Amino acid sequence: MERDLFVAWFEEATRLVRADRDRLTRLDAAIGDADHGTNLDRGLTEVLKELAGSPPESGAQVLTTAGTTLIRRVGGASGPLYGSLFRQMGKALETPVTLAGFAGAFEEGVVAVERLGKAVLGDKTMVDALAPASRALALAVRDGAEVSVALGQAARAAQEGSKATIPLQARKGRASYLGERSVGHEDPGAASAALFMAALASVAG
Amino acid sequence: MERDLFVAWFEEATRLVRADRDRLTRLDAAIGDADHGTNLDRGLTEVLKELAGSPPESGAQVLTTAGTTLIRRVGGASGPLYGSLFRQMGKALETPVTLAGFAGAFEEGVVAVERLGKAVLGDKTMVDALAPASRALALAVRDGAEVSVALGQAARAAQEGSKATIPLQARKGRASYLGERSVGHEDPGAASAALFMAALASVAG
Amino acid sequence: MKKLINSADSVVEDALNGMAAAHPSLRVRDRVVYRADGPRPGKVGLVSGGGSGHEPLHAGFVGHGMLDAACPGEIFTSPVPDQIIEATKGVDGGAGVLHIVKNYTGDVLNFEMAAELVEGVEVAGVLVDDDVAVQDSLYTAGRRGTGATLFVEKMAGALAEEGAPLAEVAAVAAEVDERSRSFGIALTSCTTPAAGKPTFDLPETEVELGIGIHGEPGRARVPLAPARELATMAMDALHGDLPLRGDLLVMVNGMGGTPLMELYVVFAEVAAYVKGKGARVTRSLVGNYVTSLEMQGFSVTVCRLDDALTRLWDAPVETPGLRWGR
Amino acid sequence: MKKLINSADSVVEDALNGMAAAHPSLRVRDRVVYRADGPRPGKVGLVSGGGSGHEPLHAGFVGHGMLDAACPGEIFTSPVPDQIIEATKGVDGGAGVLHIVKNYTGDVLNFEMAAELVEGVEVAGVLVDDDVAVQDSLYTAGRRGTGATLFVEKMAGALAEEGAPLAEVAAVAAEVDERSRSFGIALTSCTTPAAGKPTFDLPETEVELGIGIHGEPGRARVPLAPARELATMAMDALHGDLPLRGDLLVMVNGMGGTPLMELYVVFAEVAAYVKGKGARVTRSLVGNYVTSLEMQGFSVTVCRLDDALTRLWDAPVETPGLRWGR
Ligand SMILES: Nc1ncnc2c1ncn2[C@@H]1O[C@H](COP(=O)(O)OP(=O)(O)O)[C@@H](O)[C@H]1O
Ligand SMILES: Nc1ncnc2c1ncn2[C@@H]1O[C@H](COP(=O)(O)OP(=O)(O)O)[C@@H](O)[C@H]1O
Ligand SMILES: [Mg+2]
Ligand SMILES: [Mg+2]
Ligand SMILES: [Mg+2]
Ligand SMILES: [Mg+2]
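Quick look at the structure:
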């Protein structure tokens, strides 16, 4: 059932974020305010509670519930940004879910993040992981790739995108305050976005 | 000239206190508020300035000037206590200065300290160095000892008295707040009193 | 980490309980701190908020002549839209509500979402961005809001208390921000309860120049120097951005762990600097007002006053963190 | 040592210059801080003082309704008689002067000497000794004066402002002391500028119970515990000495380096404790008021109020460190 798959995505993402909570917070300490791991962990814990408390009926509903919960519970920059990603995906996702449909919804979500954050690729934000992932998905769809291959490529693209933030000077978010001193550090939001994509590849791949 | 001798006493005491300033402050840190070395150093520096600025005419005047300056410049507990010691000595000291006369004046000074501080031997204060020194002086006078011998014995008695404060539980001064935790530390005021006596033995002994 | 807390998770909640217990003039409900005597019909409501850890900002500035409500987020994490929506509705006396928002992505996004979602209340917003340590540019997040937030809250609050309409209150808020600049220097890092260790490592011999109020590292590290030199660095940065002229409101603000005595030492240098530029400190504030947990260090905020703003600054205020005139 | 100072030698002087620059209501002359509007004929003058490093105590409490002058000594070193004599003469409005003296050997001796030497002014004294961490006995220096000093200065100051005679002002001062108790806990040591290193070493996992305000070590070390437990230890010590009953004025005071947020966490626990004993917190104060340089930690001071004292507490006060009602 597609609904369970999406629930599993958030369960796995929560597991990965929790396991990497201190790393995410450390990344945020270096160029931000040392709360990204805590923020996401708190938010995802609430998401799982919400999903368990009033189980949604569709994959799309899982996404909107998760997005709304993140907006309502996280705060900070990442709360509204991740919240908008999933809410927009939920709105755009059609049933039954196909790989192409998912890729389209994901792209809409990423565009929502870019709009809200006024960030473009290379600003050293979560967009630097999300946008390449979306692009990889779209290419995989075009090439008629298997779901597992497509999601694997998306996860890899996100991971590479996150690492690619290291040499960048931040132009958005808290890291931008550091100017040149932001160079040489991975963006925490890009790193957590890579975890989301890895979680998806692992449950649906 | 006796006046020069008393000036030399304060010069030597200043030298010794300055050399041991950090040790005195460390002793005060352990059972007090970490300022005894600084307090005395500041006060004695002012005493030397005062003595140089308006040179007193007699040994007695050196003592009263020093005492008044310590009262006016040090503050804390040790300012009034050392100040009273030297002021009272200055009042009591007769010209020409004899060893017996000095011993008598010193005893009066020590009594002034005890009165002002309401401290008795064994309370773990400067009295624990001053009173034994006074007693040693008196005994030496009784025995007709040489000046150098008498002052040497006084210095030793002060030094031993100071070390004897280590096992005591303080009943006066800041160290009394520590109750049993004051045990095992040398009293900073007793330690500085021993320096005063050592200085005297070194310039007049 | 050594902190007077029960647990990292409960610290914001516990502190709010303490505030509620200490100040009968406040009401705390669902993570919003309100004036107990509000809302007042016809009065513009002032709502601010942001991450916790900056106390007394913002909750300590709720009261007569200043804020009507504050929305405290988790430590260094902006509040969520729900809090802001509740606060906005709760303080509306029919004359609309001003959101005073420090310019951080998180604060801006959450306040924007709340402003969109709240219904039946006219909402205006002001963005505080006074920190000259941050390069301002079209392509970045822009300057941070720090010390000037207190000035904006105080002066806009005074005008609102007089019954001025929303547009005027918002305009004065923007004007105060426009006329204010800040610069901060840290001697030590802060430690967030959740992270449990210092956000940055700073050697005994160095200071961070141009720090914000979230333990963000600054723009540069320089050797520890006497207060006079550090004050000069801060003042040069301010003066270089907005020349010091005329009557000034000057705040020397502690970052939370710096004792008042040291702030006065800095203030003496700042006052001398201002005098040297031919300007006048006509109003001042020295203390821990916009803090960063237990960080040691200071920030200076300067606002170029005119008579109208001076009057608003002097107007009575009665909050836990700032009080005079009543 | 990381401090915002120019030099260890000049820190008191520099801070006083900063105070003078920041507060036109004060006059600083020869190491005495006076009310600029004093002395007032017929009003009893209030003089206090002590070592520096406890800011805002005492100089921050000079002003209408509180002290007429403060005599700041070197860091943690009582002032010298000359200062106290000058201050006493300077504030005398013909109705005599009250010396408010914290019970430390140095403070007592220097104030006593000054009282003896000052001529032509009627002087009364009150000794503040509220710290229950210190065993009280005929054979020791007795209890220290800590947080209650602020209460004594406030309430005696209010009575003096009303024009009460010296004997009455002194009696109320003594009564406030009698009804007040304090207990302090340190998380970290302070560092005096002259010593340059922490007065005591305290492991990351331990706290000092029963500390004073000069970096004196406490009576015992215990493992670091949640705020609730630390607050309970402090309150048990207070309650054991003077049972909590009726209306209470409660101050949760920071030692200088503890952020306000943590003090509110402690206050919540203290308020709950008081409630549990069936007493009432009717007035409170939360903040850094009687400090120990940059020490982290807190003290609780409780005063058993009656209506007369409540009225004196509520009376207007206008000082840099405490202000309400004007
Ligand atoms: N304007 C923006 N657009 C896109 N992503 C952003 C933007 N600002 C911040 N982010 C992302 O949010 C992350 C920080 O999230 P978090 O630490 O939870 O919030 P905060 O910065 O408020 O403390 C950054 O690492 C970055 O990836
Ligand atoms: N009541 C007292 N009688 C005699 N000596 C005392 C008394 N109280 C304190 N002292 C001495 O003063 C010393 C402390 O001096 P100092 O550190 O300069 O002053 P403070 O205690 O005010 O900081 C103690 O070590 C002790 O020897
Ligand atoms: Mg962050
Ligand atoms: Mg001492
Ligand atoms: Mg944050
Ligand atoms: Mg001292």
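Chains as they are written, first to last, in the numbering used here: chain A, 852 to 1056; chain B, 852 to 1056; chain C, 594 to 919; chain D, 594 to 919. Note that CB positions come from ideal geometry on N, CA and C, so glycine has one too. If you're wondering where the values come from, they're calculated on a predicted model, not measured in any experiment.
Could you list which residues in chain C have their beta carbon closer than 9 angstroms to that of A/Asp-886, in chain order?
Gly-644, Glu-667, Ile-668, Phe-669, Thr-670, Thr-785, Ala-787, Ala-788 and His-807
D/Val-859 to B/Gly-888, Cα distance in whole Å?
36 angstroms
Do B/Phe-861 and B/Leu-891 have their C-beta atoms closer together than 9 angstroms?
no
Backbone secondary structure at C/Pro-791 - three-state DSSP:
strand
Taking the C-alpha atoms as reference points, what is the distance between A/Thr-946 and A/Ala-911?
8 angstroms
Under 9 angstroms, Cβ to Cβ, is there at least one residue of chain C near A/Ser-1027?
yes
Note down the Cα distance separating B/Tyr-1028 from C/Gly-644, rounded to an integer number of angstroms.
41 angstroms
Indicate, with yes or no, if ligand 1 has a heavy atom lying under 8 angstroms from the CB of C/Lys-636.
no
Name the two residues that bound the continuous beta strand (DSSP E) containing D/Asp-840.
840 to 847
3-residue-minimum beta strand (DSSP E) runs that sit fully inside the stretch 999 to 1025 of chain A, ordered along the chain:
none
Under a CB-based cut-off of 9 angstroms, is B/Ser-1043 close to chain D?
no
CB contact flag (A/Asp-886, C/Thr-785, <9 angstroms)
yes
Below 7 angstroms on C-beta distance, what does C/Asp-770 contact in chain A?
Within chain A, no residue comes near C/Asp-770; the closest Cβ sits about 18 angstroms away, beyond 7 angstroms.
Does any heavy atom of ligand 7 sit closer than 8 angstroms to the C-beta of D/Gly-666?
Among the ligands present in this structure, namely ligand 1, ligand 2, ligand 3, ligand 4, ligand 5 and ligand 6, ligand 7 is not found.
Check each candidate in B/Asp-855, B/Lys-969, B/Ala-1052 and B/Phe-1047 and name the one with the smallest Cα separation from B/Lys-1013.
As written in the sequence, residue 1013 of chain B is Ser, which differs from the Lys given in the question. Closest by alpha carbon: B/Phe-1047.
Tell me which residues share the same chain as B/Pro-931 and place their Cβ nearer than 6 angstroms to its Cβ, disregarding the 5 neighbours each side in the sequence.
Ile-922
Out of curiosity, what's the CA-to-CA distance linking D/Thr-792 and C/Thr-851?
17 angstroms
Could you list which residues in chain D have their beta carbon closer than 9 angstroms to that of B/Thr-889, in chain order?
Ala-601, Glu-667, Ile-668, Thr-670, Thr-785, Ala-787 and Ala-788
In angstroms with no decimal places, state the Cα-to-Cα distance between D/Ala-767 and D/Leu-720.
7 angstroms
Report yes if the CB atom of D/Thr-912 is closer than 9 angstroms to the CB atom of D/Val-655, and no otherwise.
yes
Using a threshold of 9 angstroms, state whether the C-beta atoms of B/Ala-899 and B/Val-868 are closer than that.
It should be pointed out that residue 899 of chain B corresponds to Leu in this sequence rather than to Ala. Cβ distance not < 9 angstroms, so B/Leu-899 and B/Val-868 don't count as in contact.
Could you check whether D/Glu-754 and D/Ala-908 sit closer than 9 angstroms to each other, using their CB atoms as the reference points?
yes
Quick check on DSSP: helix, strand or coil for A/Ile-922?
helix
For the stretch 696 to 711 of chain C and the stretch 664 to 682 of chain C, state whether three or more C-beta atom pairs, one from each stretch, are separated by less than 8 angstroms.
yes
Could you check whether the Cβ of B/Ser-985 sits closer than 9 angstroms to any Cβ belonging to chain D?
no
Sort out for me which residues DSSP pairs C/Trp-917 with in a bridge.
C/Val-910
When Cβ atoms are compared, which residues of the stretch 974 to 1003 of chain B fall closer than 7 angstroms to chain D?
none
Just to check, is the beta-carbon of A/Gly-883 closer than 8 angstroms to a non-hydrogen atom of ligand 1?
yes
Roughly how many angstroms lie between the CA atoms of A/Gly-934 and C/Val-701, to the nearest whole one?
15 angstroms
Residues that A/Ala-917 contacts on chain C, provided the C-beta gap is smaller than 7 angstroms
Here the premise fails: no neighbours, minimum Cβ distance about 15 angstroms.
From what residue to what residue does the alpha helix (DSSP H) around D/Leu-639 run?
D/Leu-639 -> not in any alpha helix (DSSP H); beta strand (DSSP E) instead, spanning 638 to 645.
Using Cβ-Cβ distances below 7 angstroms, what residues of the stretch 853 to 884 of chain B are close to chain D?
Thr-876, Ala-880, Gly-883 and Asp-884
From the DSSP secondary-structure annotation, give me the bridge partner or partners of C/Arg-620.
C/Tyr-627
Check C/His-651 in the structure and name its three-state DSSP category.
coil
Measure the C-alpha to C-alpha separation of B/Phe-957 and B/Val-858 and round it to an integer number of angstroms.
16 angstroms
For C/Gly-735 and C/Asp-723, believed in contact at Cβ under 8 angstroms, the rounded distance:
With a Cβ gap of about 11 angstroms, C/Asp-723 and C/Gly-735 do not count as contacting.
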